[in-house]
Amino acid sequence: MCRKLAALLLALPCLAGAVERLAPTTLYVDPQSTAAIWVNSHPDDPRADIIRSKLAGQAQAKWFGNWSGDIAKAVGNYVDAAAKRNQTPILVAYNIPGRDCGQYSAGGANSITGYQQWIASFAAAIGQRKAVVILEPDALGQLTCLSAAGQQGRLDALRYAVEQFHQAAPQAYVYLDAGNSAWMPAEVAASRLAQAGIADARGFALNVSNYKTDQSSKAYGDAVNAALQKQQGYTRAYVVDTSRNGNGPLGAVWCDPPGRKIGVTSVVHLGGGQPEMQLWVKAPGNADGCRGKAGIFAPELAEKLIQGN
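Residues in the sequence shown are numbered from 403 upward in steps of one, following our numbering.
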């Protein structure tokens with residue numbers, strides 16, 4: 403049974419494995435983020451100072467996928483580094499089979515069985531330590547690009563993933579990705595989240611790698627929770643990616659649109675409000691695939707995001 407929550411804990415349904423709320427200053431700033439690596443490699447570049455102060459010095463997520471090698475070692479080393487600084491890391495699991503429906507970030511595990519082994523190792527590597535985990539961006543939003551059997555397989559895989567974190571990483575805050583405010587109706591998102599096992603997760607993530615405003619994301623998150631309450635009888639916490647939403651979206655353009663700007667830096671909100679965290683899930687300056695290879699740091703893109711032009 404969950405222990406009685408103290409004053410600074412979330413005003414949310416008591417979940418097995420729920421832990422006390424993170425302090426605002428404890429999110430991990432990775433000295434090996436893509437922005438930090440670029441700055442350290444280009445100390446004399448005129449853009450280095452602003453990229454160092456505005457991007458490299460901020461807490462942001464690290465993404466793990468089929469490029470990460472031994473996933474247990476990769477995750478374990480990252481969580482170890484954060485723990486040594488008494489900080490909580492933000493991790494993204496991004497290896498679902500059929501990832502990104504064959505688009506710029508195509509790939510993922512070769513099979514559901516392979517994914518189950520991968521995600522089980524991911525969760526076990528976190529173990530009893532604190533972490534924030536964003537689980538499989540786009541996986542629910544892109545569900546309909548799969549066959550009926552493929553859709554069920556993906557939902558089963560996500561549910562298995564949630565179970566692994568629930569059992570092997572009980573102090574991890576796990577958020578299933580639920581797309582963004584323009585992707586699918588709140589009722590559809592709630593139904594897919596429930597089928598993917600959100601009952602045993604901390605909550606859901608919104609606006610990952612997108613540009614929707616904080617106001618739009620909050621309205622959508624509240625609507626998803628209203629639908630969850632109606633359909634399932636519970637609500638969950640949600641977090642919002644604010645890494646590139648400072649100027650909002652450019653219509654429906656999602657792939658490295660011009661004129662965008664970084665948003666609120668990663669922060670945990672005390673007091674039980676929603677969203678419970680605003681996070682830099684997408685690393686600002688990492689290309690979507692249109693102005694550089696997807697996931698690769700582009701300094702010219704980073705500078706424009708900082709300046710908002």
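For each residue, glycine too, the CB sits at the ideal point set by N, CA and C.
What distance in whole Å lies between the Cβ atoms of T490 and L429, which are believed to be in contact at a cut-off of 8 Å? The pair is a contact, with the Cβ atoms about 6 Å apart (cut-off 8 Å).
Can you tell me whether E678 is buried or exposed, with buried defined as 16 or more other CB within 10 angstroms of its CB? It counts as buried.
State buried or exposed for N488, treating a residue as buried only when at least 16 other CB atoms are found within 10 Å of its CB. Taking all protein chains in view, the Cβ of N488 is surrounded by fewer than 16 other Cβ atoms within 10 Å, so the residue is classified as exposed.
Complete alpha helix (DSSP H) runs within the stretch 518–576 (minimum length 4 residues, chain order): Counting only runs of 4 or more, we get 550–570.
Nearest to A570 by alpha carbon, out of I521, M586, N711, A550? When only C-alpha atoms are compared, the closest one is I521.
Taking the straight line between their C-alpha atoms, what separation do you get for P701 and Q709? Their Cα atoms are separated by approximately 12 Å.
Quick check on the burial criterion: 16 or more other C-beta atoms within 10 angstroms. Buried or exposed for L652? Exposure of L652 is indicated by the presence of fewer than 16 other C-beta atoms within 10 angstroms of its C-beta.
Between which two residues does the beta strand (DSSP E) containing K464 stretch? 464–466 is the span of the beta strand (DSSP E), which, as asked, contains K464.
N647 versus W585 - alpha carbon distance: Cα to Cα, the separation comes out at about 16 Å.
Whose CA, out of P539, F699, F567, H568, lies closest to the CA of R556? When each option's Cα is compared against that of R556, the closest is P539.
Can you tell me the Cβ-Cβ gap for Q633 and A592, rounded? I've got them flagged as a contact below 8 Å. Distance from Q633 to A592 at the Cβ level is roughly 6 Å; contact confirmed, criterion being Cβ atoms closer than 8 Å.
Determine, using beta carbons only, whether Y636 and G605 come nearer to each other than 7 Å. No, Cβ-Cβ distance for Y636 and G605 is not below 7 Å.
N-terminal and C-terminal residue of the beta strand (DSSP E) that Y640 is part of: For Y640, the uninterrupted beta strand (DSSP E) run begins and ends at 639–643, by DSSP.
Of all the options V669, N612, Q680, which has the alpha carbon lying nearest to the alpha carbon of C657? Measuring from the Cα of C657, the nearest candidate turns out to be N612.
Spatial distance of A425 from D690 (CA atoms): Residue confidence is low: A425 scores 48 on pLDDT, short of 50, so the model does not pin down where it sits. Its coordinate-derived value is still stated next. Using only the alpha carbons, I get a separation of about 31 Å.
Secondary structure of D690, DSSP reduced to three states: Three-state DSSP puts D690 in coil, outside helix and strand.
So, does the stretch 681–698 touch the stretch 458–466, judging by three or more C-beta pairs under 8 Å? Result yes; three or more Cβ-Cβ pairs closer than 8 Å.
Assigned secondary structure, I698 (DSSP; H/G/I helix, E/B strand, else coil): In the displayed model, I698 falls within coil according to three-state DSSP, outside both helix and strand.
Selection from C547, L545, V535 that minimises the alpha carbon distance to L681: The shortest Cα separation from L681 among C547, L545, V535 belongs to V535.
Three-state secondary structure assigned by DSSP to R501: R501 sits in a strand when the DSSP states are folded into three classes.
Residue range of the beta strand (DSSP E) that A495 falls in? Here the beta strand (DSSP E) through A495 covers 492–495.
Can you name, in chain order, every residue of its own chain whose Cβ lies under 7 Å from the Cβ of S618, other than the five neighbours on each side? S583, listed in sequence order.
Contact with chain C by A598, beta-carbon distance below 7 Å: Of the chains in the structure shown, none is chain C; there is only one protein chain.
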